[in-house]
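Numbering (the numbering used here), first residue to last: 81 to 707.
Each residue gets a CB set at the ideal place from its N, CA and C atoms; glycine is no exception.
No experiment lies behind these values; they were computed from the predicted model shown.
These notes are about the structure you will find just below.
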């Protein structure tokens with residue numbers, strides 16, 4: 081055989097190949113995914129031609145892909161029974177980088193049924209050079225008795241010459257590189273590694289991926305001696321669960337798939353299986369877990385769904401498919417409509433992706449609402465794990481997602497003694513109730529004891545208890561629900577006009593005393609006034625403006641956050657016997673009133689869960705009164 085002269089890649093193709101090997105692919109192991117996808121494409125073409133050409137007949141068992149590793153010679157061979165390539169096709173498809181034989185085939189037949197081509201042959205193929213020092217491609221085209229071999233060591237160029245090949249199809253032989261300090265290329269010759277890569281990236285290729293697997297068994301007539309043999313084994317599942325009819329599947333099928341994919345170790349609360357056709361067509365299986373992963377509320381947690389293109393894994397975590405507030409959702413999406421760039425590793429942010437993401441968001445919300453309304457115990461369990469994430473979603477991005485999430489929020493109810501939705505709260509509101517009332521604190525037990533809630537409870541109004549640090553921030557962003565404004569139990573104005581008038585009258589009558597107490601507190605509070613909310617308690621703090629006392633606590637606990645102060649108002653219960661003692665002291669001993677003012681202020685701080693600014697002085701003031 082006369083060896084043909086080596087052909088050179090064009091200068092641009094050389095640069096592209098160099099870029100492909102060293103830059104575009106950050107994960108070398110995907111070379112096998114690329115070659116298998118290309119092999120699947122080639123079989124698709126054969127299958128299609130067998131449908132439209134009566135002179136071509138194939139048995140279903142004729143379609144397969146085979147992988148074979150030879151450790152001794154350091155070769156990895158991948159064979160397919162696809163359409164094969166002529167000399168001209170080898171030249172055009174492999175000789176020119178970014179030339180896509182599959183894309184051209186699809187374009188020529190896109191109006192016909194049965195065309196389903198995954199890859200764009202030409203670019204992905206060159207990923208083989210990441211692990212190979214020599215790539216050999218032997219191919220025989222359908223309806224041809226001739227076969228040709230294409231061979232290249234990379235940017236130096238390639239050769240094409242005739243060869244012997246008995247069957248139609250393509251055989252790719254990779255001469256695997258020697259190990260380096262940074263890379264263990266031997267792994268790509270190991271059965272366990274090849275099996276794992278097929279399972280990870282190509283498990284749902286619709287043709288069987290075969291490999292001769294070494295087995296061992298007891299020798300006949302022996303109890304201890306084993307003999308080795310090889311068995312042809314199919315490595316892939318072929319039919320993905322998301323492409324099967326829902327009627328064929330049972331709940332345990334979804335649960336087993338959840339566990340097999342390591343989406344979680346708990347039993348999921350809900351599985352969502354959807355097949356969508358339209359502007360963007362896709363199949364999806366989504367899971368709502370029962371428990372939050374240990375790292376869910378940390379920076380280390382990585383959100384996203386697995387992304388497939390026609391059963392081939394493209395991305396393990398496609399973050400663009402999920403909004404942050406639904407980052408707890410696990411699962412996958414499979415679509416043939418996404419535009420992939422030349423590496424198939426990076427996804428272009430195209431219109432189809434955005435459409436799919438929007439549809440998934442809507443479906444997740446719909447399923448959560450259904451769970452809230454029809455499977456309340458499940459939703460309560462879900463909310464205990466992920467309710468905080470929904471509230472962060474309301475607060476983040478300047479409240480742009482509040483309309484999506486507000487119906488999913490729940491808070492503990494003072495009257496129901498359980499979590500209730502905002503819709504349930506509003507439905508129970510009394511005719512004369514203007515606001516949705518809430519109170520904040522570290523725990524339900526602490527909130528139950530807050531003096532600020534006395535009047536609201538006395539009027540028979542329900543109060544929502546906020547115990548998460550994000551609660552009040554989210555509600556401030558929400559502002560109202562079904563045209564009902566939110567009102568904090570610690571607000572200076574609770575909206576009870578008759579009580580306000582009486583309190584204003586008491587404040588005016590005791591103006592001189594309250595001004596003196598304010599001055600004694602040396603700018604720690606904005607105002608001292610008679611309370612319209614206290615019944616049995618002597619004192620409490622309320623606030624004015626957008627920054628509440630609870631928000632002050634949260635913000636001041638954040639690192640590198642400048643000290644912020646809410647506008648605090650010291651409210652005095654003028655009906656309490658304590659107030660009579662203060663009035664008497666004001667008439668006879670104003671220094672004693674200063675002591676009273678400091679003690680009441682510090683008591684109010686303790687009730688709010690705020691630190692006493694000067695514990696020593698507080699103790700001394702108490703001792704002064706005791707004497």
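In this structure, DSSP gives residue 435 a helical state, which the three-state scheme calls helix.
Of the other Cβ atoms in all chains shown, 16 or more fall within 10 Å of the Cβ of residue 393; this residue is therefore buried. In the three-state reduction of the DSSP assignment, residue 328 falls in the helix class, which pools H, G and I.
A Cβ-Cβ contact shorter than 8 Å links residue 470 with residue 488. Per DSSP, residue 469 lies in no beta strand (DSSP E); the unbroken alpha helix (DSSP H) holding it starts and ends at 456-475. When DSSP states are grouped into helix, strand and coil, residue 146 belongs to the strand group. Cβ contact annotation for residue 245 (same chain, cutoff 6 Å, sequence separation greater than five): 218, 220, 227, in chain order. For residue 555, the enclosing alpha helix (DSSP H) stretches over residues 551-558. The residue among 552, 614, 546, 598 with its C-alpha nearest the C-alpha of residue 574 is 614. Contact annotation: residue 126 and residue 138 have beta-carbon atoms nearer than 8 Å. For residue 437, the closest alpha carbon among the candidates 398, 292, 334, 270 is that of 398. By the criterion of a C-beta distance shorter than 6 Å, residue 375 is surrounded in its chain by 381, once the five residues flanking it on both sides are discounted. Going by DSSP, residue 128 is part of the alpha helix (DSSP H) stretching over 111-132. With respect to the 8 Å criterion, residue 212 and residue 174 are not classified as neighbours on the basis of their beta carbons. Going by DSSP, residue 255 is part of the beta strand (DSSP E) stretching over 249-256.
For residue 365, the enclosing beta strand (DSSP E) starts and ends at 362-368. Per DSSP, the continuous alpha helix (DSSP H) segment holding residue 631 begins and ends at 629-637. With a cutoff of 8 Å on beta-carbon distance, residue 684 and residue 621 are scored as near each other.
CA-to-CA, the gap between residue 687 and residue 456 works out to about 34 Å. Only residues of its own chain outside the window of five on either side were considered, and among them 146, 251 have a CB closer than 6 Å to the CB of residue 159, listed in chain order.
Residue pairing by DSSP puts residue 157 in a beta bridge opposite 148, 253. Nearest Cα to residue 362 within the set 389, 346, 384: 389. Under the three-state reduction of DSSP output, residue 440 falls in the helix class. Here the stretch 535-551 makes contact with the stretch 510-527; the two share three or more CB pairs at distances below 8 Å. Per DSSP, reduced to three states, the secondary structure at residue 408 is coil, with no helix or strand assignment. Restricting attention to 700, 324, 655, 689, the CA atom closest to the CA of residue 675 is found in 700. Look at residue 497 here: in three-state DSSP terms it is coil, with no helix or strand label.
Counting along the chain, the unbroken beta strand (DSSP E) around residue 647 starts and ends at 647-652. Annotation for residue 331: 351 place their beta carbon closer than 8 Å to its own, counting only its chain and skipping 5 residues before and after. Judged by DSSP secondary structure, residue 543 falls within the beta strand (DSSP E) whose first and last residues are 543-546. With a threshold of 16 other beta carbon atoms within 10 Å, residue 151 falls short and is exposed. One alpha carbon belongs to residue 209, the other to residue 406, and they sit about 40 Å apart.
Here DSSP, grouped into helix, strand and coil, assigns residue 659 to helix. Linking residue 634 to residue 645 through their CA atoms gives a straight-line distance of about 11 Å. Rounded to whole angstroms, the separation of the alpha carbons of residue 204 and residue 122 is 14 Å. If you draw a straight line from the Cα of residue 679 to the Cα of residue 559, it is about 35 Å long.
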